[in-house]
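Just so we're aligned, residue 727 is where the sequence shown starts under my numbering, counting upward by one.
Note that the Cβ used here is the ideal one computed from N, Cα and C, for glycine as well.
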Amino acid sequence: MFDRYGPSVISLAILGDAESDWRPKKYSYGLAGLKDFGMSFRFPIVKLIDYRKKWKTLENSQNPFAIVVRTHLKGLETRRSAKKRFDEKKELFKALHEANYSEQQILDLFRFMDWVLGLPKRLEQQFNDFATQYEEDKKMPYITSIERLGMEKGIQAGALQKAREYVLEILKVRFKRVPQSLTKLVQAIEDEHYLSKLHREAILVDSLKSFRQVVENAQS
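See below:
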């Protein structure tokens with residue numbers, strides 16, 4: 727990068743684990759018996775759990791990354807308690823909207839928050855109800871974070887369903903009839919990248935039996 731673009735290059739590491747004593751500052755490797763052949767470099771680190779002691783600083787910061795760190799720390803703290811995670815997620819959601827962030831920043835940060843602080847379905851619905859009501863009460867002048875995220879998930883689900891339908895349609899054109907059991911196997915696939923591979927397989931396989939084996943081998 728230095729040779730091509732000019733600016734100096736640095737290496738640093740942001741560590742998000744929960745082990746307070748693990749603080750690597752060096753990476754190296756070499757070939758056995760050839761001490762002059764290898765690589766070694768040192769780097770500064772930032773340990774996110776250290777910010778537990780700086781919680782007030784994070785709360786008062788307008789830097790969007792402060793919300794990211796707070797969310798990460800609460801994710802670690804609430805791993806074993808869905809109820810506590812639910813409560814903390816509500817507080818972080820309110821903090822997100824009380825900060826002076828743009829609509830896009832709120833959506834991006836909420837997407838991260840929703841991923842890190844995942845909830846069981848029952849509590850997820852309660853949280854969605856709370857968040858929607860909160861944004862309505864605040865008279866947010868845009869589509870709510872919950873609505874936008876729901877739309878994105880709906881679009882993603884729609885794309886997956888289309889991909890499944892394409893695979894099944896090719897099989898029907900080639901082999902006339904697709905057994906219900908095989909249809910269920912295809913409909914259960916959630917990986918869009920794998921569905922694109924199956925699209926190719928559906929074109930090339932010589933029989934439905936061979937196609938089923940491909941699907942079953944991938945799921946085993």
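Query	Result
What does DSSP give as the partner residues of Tyr753 in its beta bridges?	Phe767
Take every Cβ of the stretch 792-805, pair it with every Cβ of the stretch 841-855, and state whether three or more of those distances are shorter than 8 Å.	yes
Give the single residue among Ile929, Gln913, Ser907, Asp729 whose Cα lies nearest to the Cα of Arg900.	Ile929
Here's a check: name, in chain order, each residue in its chain whose Cβ is nearer than 6 Å to the Cβ of Tyr827, leaving out the five neighbours to either side.	none
What are the boundary residues of the beta strand (DSSP E) that includes Ile915?	Ile915 -> no beta strand (DSSP E), and no H or E assigned at all.
Could you check whether Ile775 and Leu757 sit closer than 8 Å to each other, using their CB atoms as the reference points?	no
Work out the CA separation of Thr909 and Val931 for me, nearest whole Å.	16 Å
What does DSSP give as the partner residue(s) for Val772 in the beta ladder?	Ile740
Leaving out the 5 sequence neighbours to the left and right, which residues in its chain are closer than 6 Å to Ile740 when beta-carbon positions are compared?	Val772
Would you give the residue range spanned by the alpha helix (DSSP H) that Gln859 belongs to?	847-863
Please name the residue, chosen from Ile736, Ser754, Trp781, Leu760, that lies closest to Pro770 on a Cα-to-Cα basis.	Ile736
Could you tell me how far apart the beta carbons of Val940 and Glu927 are, in whole angstroms, since I believe they sit closer than 8 Å?	5 Å
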